[in-house]
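Going left to right, the sequence shown walks through residues 2 to 675 as the numbering used here numbers them.
C-beta atoms are modelled at their ideal positions from N, C-alpha and C, and glycine is treated no differently.
Since the structure comes first, as structure tokens, the remarks are kept for the end.
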Amino acid sequence: MRTSLKVLIVLVVLVFAGVNVFFDSGTGPEKTYAIERTDYKTPEPSFDSGTGPEKTYGIERTDYKTPEPGEDEALVDDKLDGKKPAFDQTRVDRRPLGADGAWLLNASAAVLRLDVPSINPDLEQELLTLHPSYTAAVRNRPFGRVILPSVNMLDGKAKQFDDGLYAAIDLAYFHGVKAKLEGHVQLIKRIADKAGKANIAAPYLAAGLELAGVKMDVNNAAEKARLLSAFQVDEIASKPIGIYIWNKELGKLFQFMRFFQQQFGEPNLEELAIPQALARILSQDQTLLADYRRMLAFYAKLSNPANCLSLADIQNIRSLNLDAVKRLAKRKQVAHTTVAIFPPSTSKEGLLFEKLFPLGVPPDVNLMKELVKRLRSGEVDLKPKADSGWYEYQVYALETLLLPEKGAERDKLLLTKKFKERMLGAFKALVTKRRETHARMMEAHVRALAAPPPPLEINVAPRLRVEPAPTYYLRTARAYAFLANFLESAIGKDALDHLHGLKKDGERTTSLHAELLWMRDLFYGLYMISAEDIGMKTRFSSDEAVDQDRCYRIAVAWLDKATDDPDLAADTRVAVPITVDVTRGVTRVWLTLGVRLTKLDTKYVLPPSIKQAKGEGDWKPVASHKLHSANYLIPVDEFAEVELKGRRVLNREELQAICDKEKTKEAILDFLRK
Numbered sequence: 002m003r004t005s006l007k008v009l010i011v012l013v014v015l016v017f018a019g020v021n022v023f024f025d026s027g028t029g030p031e032k033t034y035a036i037e038r039t040d041y042k043t044p045e046p047s048f049d050s051g052t053g054p055e056k057t058y059g060i061e062r063t064d065y066k067t068p069e070p071g072e073d074e075a076l077v078d079d080k081l082d083g084k085k086p087a088f089d090q091t092r093v094d095r096r097p098l099g100a101d102g103a104w105l106l107n108a109s110a111a112v113l114r115l116d117v118p119s120i121n122p123d124l125e126q127e128l129l130t131l132h133p134s135y136t137a138a139v140r141n142r143p144f145g146r147v148i149l150p151s152v153n154m155l156d157g158k159a160k161q162f163d164d165g166l167y168a169a170i171d172l173a174y175f176h177g178v179k180a181k182l183e184g185h186v187q188l189i190k191r192i193a194d195k196a197g198k199a200n201i202a203a204p205y206l207a208a209g210l211e212l213a214g215v216k217m218d219v220n221n222a223a224e225k226a227r228l229l230s231a232f233q234v235d236e237i238a239s240k241p242i243g244i245y246i247w248n249k250e251l252g253k254l255f256q257f258m259r260f261f262q263q264q265f266g267e268p269n270l271e272e273l274a275i276p277q278a279l280a281r282i283l284s285q286d287q288t289l290l291a292d293y294r295r296m297l298a299f300y301a302k303l304s305n306p307a308n309c310l311s312l313a314d315i316q317n318i319r320s321l322n323l324d325a326v327k328r329l330a331k332r333k334q335v336a337h338t339t340v341a342i343f344p345p346s347t348s349k350e351g352l353l354f355e356k357l358f359p360l361g362v363p364p365d366v367n368l369m370k371e372l373v374k375r376l377r378s379g380e381v382d383l384k385p386k387a388d389s390g391w392y393e394y395q396v397y398a399l400e401t402l403l404l405p406e407k408g409a410e411r412d413k414l415l416l417t418k419k420f421k422e423r424m425l426g427a428f429k430a431l432v433t434k435r436r437e438t439h440a441r442m443m444e445a446h447v448r449a450l451a452a453p454p455p456p457l458e459i460n461v462a463p464r465l466r467v468e469p470a471p472t473y474y475l476r477t478a479r480a481y482a483f484l485a486n487f488l489e490s491a492i493g494k495d496a497l498d499h500l501h502g503l504k505k506d507g508e509r510t511t512s513l514h515a516e517l518l519w520m521r522d523l524f525y526g527l528y529m530i531s532a533e534d535i536g537m538k539t540r541f542s543s544d545e546a547v548d549q550d551r552c553y554r555i556a557v558a559w560l561d562k563a564t565d566d567p568d569l570a571a572d573t574r575v576a577v578p579i580t581v582d583v584t585r586g587v588t589r590v591w592l593t594l595g596v597r598l599t600k601l602d603t604k605y606v607l608p609p610s611i612k613q614a615k616g617e618g619d620w621k622p623v624a625s626h627k628l629h630s631a632n633y634l635i636p637v638d639e640f641a642e643v644e645l646k647g648r649r650v651l652n653r654e655e656l657q658a659i660c661d662k663e664k665t666k667e668a669i670l671d672f673l674r675k
């Protein structure tokens, strides 16, 4: 038996799939790992049955070489050639222009340039200071500078809600939702009662139940104690992180669920007798089996599909051995040839790292760079499939931060290399925060009389209300819509109306259902605002029932008081383990170290058009000498990747204490490497 994170370094996954792994014999710094093509598929879960069509993750042949310095060398300034959006006279900004509102603006044919100028450490030291929250960063801005809500800041609002929702849903299922979902502890207790004291699986069940405060007598008490001790000393598996340090009940939930996420298989083949014994019990009780399958399907949607076999998958196998597990895993097309009671969720980045580094991650490899490189090449596609869970929808929303050419706004924005570097940083930080939310499931017109138009003598500058990223906002709204539809069908609107999201010091005020729908509408509104800011047409799918006026008003009202939102005052600094290398004795971790401010400069490179608000005048492009730039400060997260010595993880409080003490990024990372 081993934790789910141990699986990351096991070569057998690739061996069974027909992958040949070899090393070159060179002695130089460019040691090469050659990995032949392999296609992994994960099963399509159905909420009712846990089965369905399949999804394929394909990774092309990769010859790995230690990357050269210069992660951002693929980034270049956009060229204006080819960016010629058509003029649409109906696409009028609803905000009049000028002090007296005498002008209307139409930016449908305009192109906006975005740049992030370099910071001068001698003159702008305050822009290098790390703060624990967006509110703290904004309140410490240089005098007179305008703050523009960034992608990071808006995601900070989403992060607090997402954490609260996940904690509330996870805890509700842990205890059980009447007439809807049987609690996890009760489910295991039912299996244990049927197994009895003498069953080979009894010590394992009893050890896990004890983590939830349930005592169970077994004949082999020594084995129960051994299993419990082995789990508790394994910090990677058992130490609560993320939202699970908020209170004791969440901590108990974390340890209970992680205990039963442990995977059975190589090298201790005799332990396959435990899952087989449990599967036999399920096969003899169809009601129990249905409740178990319902739990598997639930988390396949709340997080992501499973990365290994479940008890339901092996229930009809009479003799469970390694060959049988391999054949079944190949047929079910899951990534790992192992079995778990509560299988962890898969992720595209996790599958990638397992395929690239089956023997462990070399010390000079940066995993985030590897992920970014393969996203850019198209080897990894973030687009959700039919069986994807909420996590994949969340990560897909980030795609255009890294690949702006995939966004509908691509012809409206001219991005400099510096701005692309800034968005790359946003992608790194936000994918880290999304993964940390799911950390438990992841392995490590008024007419008027005509008058002669006055001369077009008005200065025009971009008027941004949020950092321009319309596709990100739209996909985030759709991720919440997906989650709302799933939870309404799985738990019911009434149950959701009686639940509240959680936070570190208690419950969130609004009901979970109402707040989930509000978050969906907020991001739909942010999408419309961002599109309007750059003069882009909004597009909704035919089955997307969006109350556009309401969503727009919600976003405008929230932005007006965003800096007073307590969610933005929450500490943003988090750490999440990505891989564990047993051979070298290190744990690779992604972190966000705090919030700082950076500059964002904007100007039109193709002009918008204006006309009088009153009268029948024609639209006229703004003369180039009347186009002015707009300069903002935006709050951004500081991302880092670091190796910790030993099999250990950092929870939020530990990381935050280190950041408070060490202050700078360099000092924090030096401390963590010790």
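In this structure, residue 290 keeps its C-beta atom at 7 Å or more from the C-beta atom of residue 279.
Cβ-Cβ distances below 8 Å link residue 606 to 81, 112, 113, 114 and 415 in the same chain, with the five nearest sequence neighbours on each side left out; the list follows chain order. Contact between the stretch 559 to 574 and the stretch 133 to 151 is present: 3 or more CB-CB pairs across the two stretches fall below 8 Å.
Partner residues in the beta bridge of residue 599, as assigned by DSSP, are 635.
Taking a 10 Å sphere around the C-beta of residue 171, we find 16 or more other C-beta atoms and assign the residue as buried.
Where residue 423 is concerned, the enclosing alpha helix (DSSP H) starts and stops at 418 to 438. Contact between the stretch 302 to 309 and the stretch 186 to 195 is not established, with fewer than three Cβ pairs separated by less than 8 Å.
In the structure shown, residue 232 falls within a helical segment according to DSSP collapsed to helix, strand and coil. Of the residues assessed, residue 609 falls on the buried side of the cut-off, its CB having 16 or more other CB atoms within 10 angstroms.
For residue 275, the CB contacts under 7 Å within the same chain, skipping 5 residues up- and downstream, are 201, 202, 205 and 265 in chain order. Judged by beta-carbon spacing, residue 399 lies within the 7 Å limit of residue 432, meaning their Cβ atoms are closer than that value. Assignment of residue 243 by DSSP, reduced to helix, strand and coil, places it in the helix class. Assigned with DSSP and collapsed to three states, residue 89 falls in coil, not helix or strand. For residue 591, the pairing in a beta bridge is given by DSSP as 577 and 642. Taken through DSSP and simplified to helix, strand or coil, residue 201 comes out as coil.
Spanning the alpha carbons of residue 293 and residue 528 requires a straight line of approximately 39 Å. Rounded to whole angstroms, residue 161 and residue 152 show a C-alpha spacing of 14 Å. Under the 10 Å beta carbon count, residue 597 is surrounded by 16 or more other beta carbons and is classified as buried. With a cutoff of 7 Å on beta-carbon distance, residue 556 and residue 530 are scored as near each other. Assigned with DSSP and collapsed to three states, residue 405 falls in helix. Scanning the stretch 75 to 138 for uninterrupted beta strand (DSSP E) segments of 3 residues or longer gives 104 to 107 and 112 to 116, listed from N- to C-terminal end. Nearest to residue 566 by C-alpha distance, out of 541, 546 and 510, is 510. Three or more Cβ pairs closer than 8 Å define a contact, and the stretch 341 to 352 meets that threshold against the stretch 248 to 263. Judged by their CB atoms, residue 117 and residue 423 are nearer to each other than the 7 Å cut-off.
Pairing residue 401 with residue 288 gives a Cβ-Cβ distance that is not under 7 Å.
About 7 Å separates the Cβ atoms of residue 592 and residue 656, confirming a contact at the 8 Å cut-off. Within the stretch 343 to 394, the complete alpha helix (DSSP H) segments at least 4 residues long are 349 to 357 and 368 to 378, listed from N- to C-terminus.
Under the three-state reduction of DSSP, residue 613 is assigned to strand. Here residue 412 has 84 and 86 as same chain residues with Cβ atoms under 7 Å from its own Cβ, once five neighbours each way along the sequence are excluded. In terms of Cα proximity to residue 369, the closest of 286, 425 and 131 is 425. In the DSSP secondary-structure assignment, residue 582 is bridged to 587. Excluding residues up to 5 positions away in sequence, 431 lie with their Cβ nearer than 6 Å to the Cβ of residue 156 in the same chain. The Cβ-Cβ distance between residue 463 and residue 307 does not fall below 7 Å.
For the pair residue 237 and residue 623, the CB atoms are not nearer than the 7 Å cut-off. For residue 622, the pairing in a beta bridge is given by DSSP as 610. Within the same chain, 136 and 139 come within 7 Å of residue 564 by CB-CB distance, once the 5 residues on both sides are set aside.
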